[in-house]
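**Q** Structure in structure tokens, see below.
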């Protein structure tokens, strides 16, 4: 693709970094760190939050360390993927699971969260409830203590009302991926936008949101809560950027979505962080 010229400072809060099977990836495309960096530069993206893919019943220590290692001397901001032991109690199966579940050796522990939080290689956390389940009370308490942002993959199997019961309303910022409606579930995306009015430290990111009216509604009603996410490598950053650049909103709202909002939530994305590299 041609290199984009758009005049905005753009940071990306949703990019998966998985160089290959040795890093725990068994699903979806892989991409080398060099190629991801090249595609981000081509799109005019200054810095990108990157994280390991979700993998069931696997410790994330190795994949997280791999992401941190590949982020050195690159414009990448590493987030540590975590998992939990709880499920939604909306049905009998979930309640039964929670009654008998115990933390296993591959589960993230409160001490793991503390270690990631005070390791300057990591700047937040990522959770996919469809693979990782939800944090228990002990894990949530430590997340509250450290206060780093948590990106949560929202969608049909992890809808906004369940996210509200399990991770929203705490003292740490929560960034709900895909407007909470993956894959392309309009009603859930509208529901997630509604919830932004109820939770002060809740944000949405734009990857795989293909509906112009939903993107414009979120930016018009909650201009301080929308963060740009590319969804790389599943989506090329150029494509993700063009979907935002062509919206019928003011330039100020584009600036907020592309960088200002994200820099408030993730300190390492701020311009001064680049100077320290």
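Residue numbers (this note's numbering): 1 to 277. Where is the CB? At the ideal position from N, CA and C, for every residue including glycine. Values in this document were obtained by computation on a predicted structure and should not be read as measured data.
1. Could you check what DSSP says for residue 235 in three-state terms: helix, strand or coil?
2. What does the alpha-carbon distance come out to for the pair residue 217 and residue 146?
3. Who pairs with residue 15 in a beta bridge, going by DSSP?
4. In the structure shown, what three-state DSSP assignment does residue 125 receive?
5. Rounding to the nearest angstrom, what Cα-Cα distance links residue 237 and residue 100 in this structure?
6. I'd like the ranges of any alpha helix (DSSP H) spanning at least 4 consecutive residues and lying wholly in the segment 92 to 179.
7. To which residues of the same chain is residue 167 closer than 8 Å at the C-beta, ignoring the five residues directly before and after it?
8. Go through its chain and collect everything with a Cβ distance to residue 224's Cβ below 7 Å, but skip five positions before and after it.
9. According to DSSP, is residue 8 helix, strand or coil?
10. For residue 16, I'd like the list of residues in its chain whose CB is within less than 6 Å of its CB, leaving aside the five on either flank, ordered along the chain.
11. Among 77, 272, 219, 249, which residue has its Cα nearest to the Cα of residue 119?
12. Going by DSSP, name the residue or residues bridged to residue 31.
13. Any heavy atom of the ligand SAH closer than 7 Å to the Cβ of residue 48?
14. Would you be able to state if there are at least three C-beta pairs under 8 Å between the segment 72 to 89 and the segment 98 to 115?
**A** Judging by the given coordinates:
1. Here residue 235 refers to the residue found at position 235 when the chain shown is read from its first residue. Three-state DSSP puts residue 235 in coil, outside helix and strand.
2. Indexing the chain shown from 1 puts residue 217 at position 217. Indexing the chain shown from 1 puts residue 146 at position 146. Residue 217 and residue 146: Cα-Cα distance of roughly 32 Å.
3. Sequence index remark: in the chain shown, residue 15 carries index 15 (1-based). Paired residues: 50, 232.
4. Position 125 of the chain shown, counting from 1, holds the residue named residue 125. Here residue 125 sits in strand by DSSP.
5. As a first step, residue 237 is located in the chain shown; it is residue number 237 there, counting from the start. As a first step, residue 100 is located in the chain shown; it is residue number 100 there, counting from the start. Distance between the alpha carbons of residue 237 and residue 100 is about 43 Å.
6. DSSP runs (the alpha helix (DSSP H)) wholly in the segment 92 to 179: 92 to 100, 110 to 117, 129 to 132, 137 to 146, 160 to 166.
7. Counted from its first residue, the chain shown places residue 167 at position 167. Exclusion of the five residues before and after residue 167 leaves 127, 134, 135, 140, 150, 152, 174 as the residues of its chain whose Cβ lies within less than 8 Å of its Cβ.
8. Position 224 of the chain shown holds residue 224. Same-chain partners within the cutoff: 256, 261.
9. One-based indexing of the chain shown puts residue 8 at position 8. Of the three classes helix, strand and coil, the one that applies to residue 8 here is coil, per DSSP.
10. Taking the first residue of the chain shown as 1, we reach residue 16 at position 16. Excluding positions up to five away in sequence, the list reads 53.
11. Position 119 of the chain shown, counted from the start, is the residue given in the question as residue 119. Of the listed residues, the one whose Cα sits closest to residue 119 is 77.
12. Taking the chain shown and counting its residues from 1, one reaches residue 31 at position 31. In DSSP, residue 31 forms no bridge with anything.
13. Judged by which ligands are present, the structure shown has none, so any question about the ligand SAH falls away.
14. The segment 98 to 115, when compared against the segment 72 to 89, does touch it at the 8 Å Cβ threshold.
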